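There are 2 protein chains.
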Amino acid sequence: MADPETPYLAVDLNTLERNVSSVAENAANKGMAIRPHAKTHKIPEIARMQLAHGAIGITLATVSEAEIFADAGIDDIFIAYPVWPSAARIARIRALAERITLRIGVDSIEGAQALGAVVPSGSVEILVEVDSGHHRSGVQPHDAGSVAVASARAGLRVGGVFTFPGHSYAPGNGAQAAIDEAGAIETATESLSREGIAAAIRSGGSTPSFHASHGDTLTEARPGVYVFNDAQQLELGSCEFTDVALTVAATVVSRHGRDVVVDAGSKALGADRAAWATGYGRLLDEPEARIHALSEHHATIRMPDGSVIPELGSTLRLIPNHVCNTVNLADHVFVLRDGQIVDVWTVAARGANT
Amino acid sequence: MADPETPYLAVDLNTLERNVSSVAENAANKGMAIRPHAKTHKIPEIARMQLAHGAIGITLATVSEAEIFADAGIDDIFIAYPVWPSAARIARIRALAERITLRIGVDSIEGAQALGAVVPSGSVEILVEVDSGHHRSGVQPHDAGSVAVASARAGLRVGGVFTFPGHSYAPGNGAQAAIDEAGAIETATESLSREGIAAAIRSGGSTPSFHASHGDTLTEARPGVYVFNDAQQLELGSCEFTDVALTVAATVVSRHGRDVVVDAGSKALGADRAAWATGYGRLLDEPEARIHALSEHHATIRMPDGSVIPELGSTLRLIPNHVCNTVNLADHVFVLRDGQIVDVWTVAARGANT
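Respectively, the protein sequence lines represent chains A and B.
Heads up: take any position in the first sequence, counting from 1, add 1, and you land on the working numbering.
Heads up: take any position in the second sequence, counting from 1, add 1, and you land on the working numbering.
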């Protein structure tokens with residue numbers, strides 16, 4: 002196959018397979034199941050690879066993502082999100098619950114009552130979301146029991162509890178986030194237990210905290226980014242350059258001094274830049290280079306002293322900061338084995354936000 | 002029409018039409034033509050509205066965007082980008098040049114030679130890009146003549162010069178960026194003149210500098226964001242809340258204290274946050290609220306003291322920081338007249354990066 006036009010997304014299959022199998026093995030060693038978050042890749046081929054390596058199902062964030070993966074034959078899905086059952090969404094939730102094993106997150110009594118009121122009694126299982134320190138959605142762990150009781154009264158089955166320890170996304174925070182995660186899950190489990198409800202499922206996980214996650218507390222983990230990794234994971238210390246499975250191929254279109262400008266900007270890479278990030282992304286083949294400025298179609302890369310400045314027209318391999326948002330901008334990814342394109346995968350759930 | 006499921010993009014037609022006509026009028030008063038940058042909206046219906054209000058053509062950033070707008074009947078397009086004529090792109094550039102009036106940016110002698118070598122002599126017109134202070138692509142203004150000479154020798158027609166005064170994107174910088182823009186364009190024009198080449202087209206423009214742009218120096222301006230405006234333009238002082246024509250409708254899914262969490266995150270809004278921005282976006286109906294945290298499907302909004310905390314399940318209208326990246330995430334926008342949905346427009350050039 003001829004080289005695609007830049008910018009394009011390139012997935013290294015050897016690295017992807019290694020990432021999928023090593024996390025599966027690590028989880029097995031901890032005595033935990035994994036239910037990977039497929040919002041990172043949005044690609045059924047990769048979900049099937051994860052299931053083949055022992056994942057018990059997948060995690061998603063939206064009803065429309067779940068519909069797309071259900072259409073692709075994935076039959077066990079957790080929507081780890083406090084989905085609001087607005088009028089247009091009710092029929093879709095019911096239909097999903099009929100054809101796959103579906104779990105949904107709930108983080109309020111009102112949310113439990115609203116959901117329970119519109120689905121047949123016993124048809125949907127919920128997990129109560131608790132806040133373990135990220136302070137996004139989720140109730141306080143000691144309040145989990147009251148949400149579980151309200152859910153049960155509303156006719157929902159209560160499967161257990163979950164949390165996203167997103168405060169793992171800061172340098173050095175991974176292990177502490179895993180401790181907080183385990184503590185929140187334990188407190189939430191006790192809170193349910195006091196109400197006579199068993200938290201059979203105790204779900205946690207993020208890629209930066211995964212290595213430190215407590216397999217004695219969690220029954221399952223939901224890492225997502227690990228399949229590809231990205232510049233954030235590099236800078237958090239969650240992976241090495243050799244673990245990066247997705248890059249954005251881009252052409253050098255302009256040069257001045259030690260800066261080169263390539264044709265992949267925020268519309269190809271995404272605009273993510275955490276406060277602690279060293280730039281807008283990295284180069285796979287020049288670890289000290291930084292993307293120091295980003296427009297919609299321009300990434301300006303400062304090449305380190307002593308490095309060779311790439312020629313105009315040459316192709317560079319960029320590592321985006323946050324690969325989930327990168328993939329969501331593309332209609333497909335090119336799949337490479339040993340440097341040769343061997344397949345093209347459709348990003349089936351791109352833009353599936355509803 | 003029933004309310005679409007959130008998150009969705011809502012365009013207020015009255016505001017859009019007012020923005021389009023007021024910038025057209027302002028340009029006419031300055032004695033400048035406008036060639037709006039359609040990368041903001043990527044929607045042929047809006048391009049046709051701009052042309053109906055006197056725009057002389059449109060500006061785009063990529064060959065694939067130009068192909069899509071050409072297919073929609075737009076026949077005068079400037080690709081304001083130093084397009085590299087890689088192997089797969091040559092036939093596409095030639096085909097475009099045959100069916101529409103096409104101009105392309107060039108910012109290096111090598112780029113001019115590479116392009117000239119692959120298109121029929123005289124078939125493509127170029128504008129030389131110069132740097133007016135944004136330090137992205139573009140040669141120094143006094144070097145514009147040498148690029149123009151190389152272009153002419155390579156068989157390209159030289160139409161003139163252009164710059165993007167992108168350093169207007171900082172609070173208080175708009176007027177100075179317009180001064181820098183005019184100075185760079187004058188120097189570049191003189192540089193071409195010394196080589197016996199006339200810069201008939203002298204093109205500048207960005208939304209934050211447009212109000213201050215020098216109509217005596219520029220022959221045309223290329224503002225883009227003004228059609229919709231966004232939180233960046235609000236915080237730069239380029240527009241008022243009443244000028245914001247595009248919002249992202251989102252549902253409240255979680256609450257704690259004065260924070261509400263809605264179901265539009267970086268996969269709906271985009272992740273842009275300039276260093277000077279006060280957050281990840283604003284609310285149309287609560288000017289003092291700020292989106293202070295953003296994940297892929299969660300925006301966490303701090304409601305100001307004394308304001309009413311929105312109910313779970315209610316819909317809020319979010320103003321994204323950078324509307325160009327927001328639109329590029331959506332397949333279509335819902336068009337409202339006086340609060341009623343009257344049309345749905347396809348984002349025809351979404352993802353057209355090549």
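We put the CB at the ideal spot given by N, CA and C, even for glycine.
Given the structure is predicted, the values throughout are model-derived calculations rather than measurements.
- Query: Relative to the alpha-carbon of Val343 of chain B, which residue among B:Leu14, B:Tyr9 and B:Leu10 has its alpha-carbon at the smallest distance?
  - Reply: Against the second sequence, residue 343 of chain B aligns to sequence position 342. It is B:Leu14.
- Item | Near-chain A residues of the region 302 to 319 of chain B - C-beta to any C-beta below 8 Å | Cβ contacts with chain A come from Leu313 and Gly314.
- Specify, as a first and last residue, the run of the beta strand (DSSP E) that Arg318 of chain A falls within. Start at 1 with the first residue of the first sequence, and residue 318 of chain A comes out as number 317. For Arg318 of chain A, the enclosing beta strand (DSSP E) stretches over residues Thr316 to Pro321.
- In the structure shown, what three-state DSSP assignment does Ser22 of chain B receive? As a working mapping, residue 22 of chain B is identified with position 21 in the second sequence. Shown here, Ser22 of chain B sits in a helix according to DSSP, grouped into three states.
- Message: Is it buried or exposed, Gly205 of chain B, if we count other Cβ atoms within 10 angstroms and call 16 or more buried?
- Response: Taking the second sequence and counting its residues from 1, the one referred to as residue 205 of chain B is at position 204. Buried is the call here.
- Message: Report the start-end ranges of each alpha helix (DSSP H) in the region 97 to 126 of chain B that is 4 residues or longer and not cut off at the edges.
- Response: 110 to 117, all fully within the region 97 to 126 of chain B.
- Task: Report the rounded CA-to-CA distance for Ala232 of chain B versus His298 of chain A, giving the unit in angstroms.
- Result: Taking the second sequence and counting its residues from 1, the one referred to as residue 232 of chain B is at position 231. Taking the first sequence and counting its residues from 1, the one referred to as residue 298 of chain A is at position 297. When rounded, the distance between both Cα atoms is 21 Å.
- Message: Suppose the cutoff is 6 Å on Cβ atoms and the five residues either side in sequence are ignored; what does the same chain contact list for Asp4 of chain A look like?
- Response: Looking up residue 4 of chain A in the first sequence gives position 3. Taking Asp4 of chain A as the centre and dropping the five residues before and after it, the same chain places no C-beta closer than 6 Å to its C-beta.
- Give me the Cα-Cα distance between Gln341 of chain A and Ile75 of chain A, rounded to the nearest whole angstrom. Here residue 341 of chain A is taken as the residue at index 340 of the first sequence, counted from 1. Here residue 75 of chain A is taken as the residue at index 74 of the first sequence, counted from 1. Taking the straight line joining both Cα atoms gives about 29 Å.
- Item | Residues near Pro86 of chain B in its chain [Cβ-Cβ closer than 7 Å; skip 5 each side] | Taking the first residue of the second sequence as position 1, residue 86 of chain B is located at position 85. Only residues of its own chain outside the window of five on either side were considered, and among them Ile94, Ala115, Leu116 and Val119 have a CB closer than 7 Å to the CB of Pro86 of chain B, listed in chain order.
- Task: Could you check if Ala67 of chain A is buried or exposed, using at least 16 other CB atoms within 10 Å of its CB as the buried criterion?
- Result: Residue numbering aside, residue 67 of chain A sits at position 66 when the first sequence is read from its first letter. Under this definition Ala67 of chain A is a buried residue.
- Any Cβ of chain B within less than 9 Å of the Cβ of Glu227 of chain A? Reading the first sequence from its first residue, position 226 is the one you call residue 227 of chain A. Per the sequence shown, the amino acid found at residue 227 of chain A is Tyr instead of Glu. Not closer than 9 Å to any Cβ of chain B, the Cβ of Tyr227 of chain A fails to qualify, so no.
- Query: Can you tell me the Cα-Cα spacing of Ser296 of chain A and Gly225 of chain A, whole angstroms?
  - Reply: Translated into the one-based positions of the first sequence, residue 296 of chain A becomes position 295. Translated into the one-based positions of the first sequence, residue 225 of chain A becomes position 224. So the alpha carbons of these two residues sit roughly 27 Å apart.
- Task: Let me know the alpha helix (DSSP H) ranges lying completely inside the region 232 to 299 of chain A, each 4 residues or longer, listed in chain order.
- Result: 232 to 237 and 267 to 270
- Neighbour list for Trp277 of chain B in chain A, Cβ cutoff strictly below 9 Å: Residue numbering aside, residue 277 of chain B sits at position 276 when the second sequence is read from its first letter. Here the premise fails: no neighbours, minimum Cβ distance about 14 Å.
- Task: Please name the residue in A:Val148, A:Ile105 and A:Ala81 whose C-alpha comes closest to that of Ile91 of chain A.
- Result: Your numbering for residue 91 of chain A matches position 90 in the first sequence. Among A:Val148, A:Ile105 and A:Ala81, the Cα nearest to that of Ile91 of chain A is on A:Ile105.
- Task: Kindly give me the distance between the Cβ atoms of Thr63 of chain B and Ala331 of chain B, rounded to whole angstroms, as I take these residues to be in contact under 8 Å.
- Result: As a first step, residue 63 of chain B must be located in the second sequence, where it is residue number 62. As a first step, residue 331 of chain B must be located in the second sequence, where it is residue number 330. That pair is no contact at about 18 Å.
- Query: Can you list the beta strand (DSSP E) stretches of 3 or more residues lying completely in the region 49 to 79 of chain A, in chain order?
  - Reply: 59 to 61
- Short Cβ contact (9 Å threshold) for Val162 of chain A with Glu130 of chain A: Numbered from its first residue, the first sequence carries residue 162 of chain A at position 161. Numbered from its first residue, the first sequence carries residue 130 of chain A at position 129. Contact: yes.
- Reduced DSSP secondary structure (H/G/I, E/B, other) of Tyr82 of chain A: For this step, residue 82 of chain A is matched to residue 81 along the first sequence. Tyr82 of chain A falls in the coil class under three-state DSSP.
- Query: Is DSSP giving Val12 of chain B helix, strand or coil here?
  - Reply: Within the second sequence, residue 12 of chain B is the residue found at index 11, counting from 1. Reduced to three states, the DSSP call for Val12 of chain B is strand.
- Message: By the 9 Å beta-carbon criterion, what residues does the region 263 to 290 of chain A contribute toward chain B?
- Response: Asp264, Ala265, Gly266, Ser267, Lys268, Ala269, Gly271, Ala272, Asp273 and Arg274
- Query: Under a CB-based cut-off of 9 Å, is Asn329 of chain B close to chain A?
  - Reply: Your numbering for residue 329 of chain B matches position 328 in the second sequence. Yes, Asn329 of chain B counts as interfacial toward chain A.
- Could you tell me which residues DSSP puts in a beta bridge with Ser204 of chain B? By 1-based counting over the second sequence, the position of residue 204 of chain B is 203. Its beta-bridge partners are B:Phe163 and B:Glu221.
- Task: Give the single residue among B:Ile127, B:Ser210 and B:Ala269 whose Cα lies nearest to the Cα of Val159 of chain B.
- Result: Residue numbering aside, residue 159 of chain B sits at position 158 when the second sequence is read from its first letter. It is B:Ile127 whose Cα lies nearest to the Cα of Val159 of chain B.
- Query: What is the rounded straight-line gap between the Cα of Asp1 of chain B and the Cα of Arg195 of chain A?
  - Reply: Outside the shown range of chain B, which is 2 to 355, sits residue 1 of chain B, and nothing can be said about it.
- Quick one, which of A:Glu221, A:Asp77, A:Ile320 and A:Leu103 has its alpha-carbon nearest Ala25 of chain A's? The residue labelled residue 25 of chain A in the question sits at position 24 within the first sequence. If we check each option's Cα against that of Ala25 of chain A, A:Glu221 comes out closest.
- Message: If we define contact as Cβ-Cβ less than 9 Å, is Ala178 of chain B a contact residue for chain A?
- Response: Against the second sequence, residue 178 of chain B aligns to sequence position 177. Not an interface residue.
- Identify each residue in the region 331 to 355 of chain B for which the Cβ-Cβ distance to at least one residue of chain A is less than 8 Å, and report them in chain order. Ala331, Asp332, Gly352, Asn354 and Thr355
- Query: Cα-Cα, which of B:Glu182, B:Val140 and B:Leu157 is closest to Ala113 of chain B?
  - Reply: As a first step, residue 113 of chain B must be located in the second sequence, where it is residue number 112. It is B:Leu157.
- Item | For Glu6 of chain B, the three-state DSSP class (helix, strand or coil) | Working through the second sequence from its first residue, we reach residue 6 of chain B at position 5. Note: Glu6 of chain B maps to coil in three-state DSSP.
- Task: Taking only beta-carbon positions, decide if Gly205 of chain B is within less than 9 Å of chain A.
- Result: For the purposes of this step, residue 205 of chain B is identified with residue 204 of the second sequence, where counting begins at 1. Not an interface residue.
- Task: Just the C-alpha distance for Met304 of chain B and Leu247 of chain B, rounded to the nearest angstrom, thanks.
- Result: Mapped onto the second sequence, residue 304 of chain B falls at position 303. Mapped onto the second sequence, residue 247 of chain B falls at position 246. Going by the C-alpha atoms only, they are around 21 Å apart.
- Message: Against chain B, with Cβ distances strictly below 9 Å, would Glu111 of chain A count as a contact?
- Response: Working through the first sequence from its first residue, we reach residue 111 of chain A at position 110. For Glu111 of chain A, the answer is yes, since a Cβ of chain B falls inside 9 Å of its Cβ.
- Message: Just to confirm my understanding: we take Val249 of chain B, look at its own chain, exclude 5 residues before and 5 after, and list those with CB closer than 7 Å. What are they?
- Response: Position 248 of the second sequence, counted from the start, is the residue given in the question as residue 249 of chain B. Excluding sequence neighbours, Val249 of chain B sits near Pro8, Leu10, Ala265, Ala269, Leu270, Leu319, Pro321 and Thr327.
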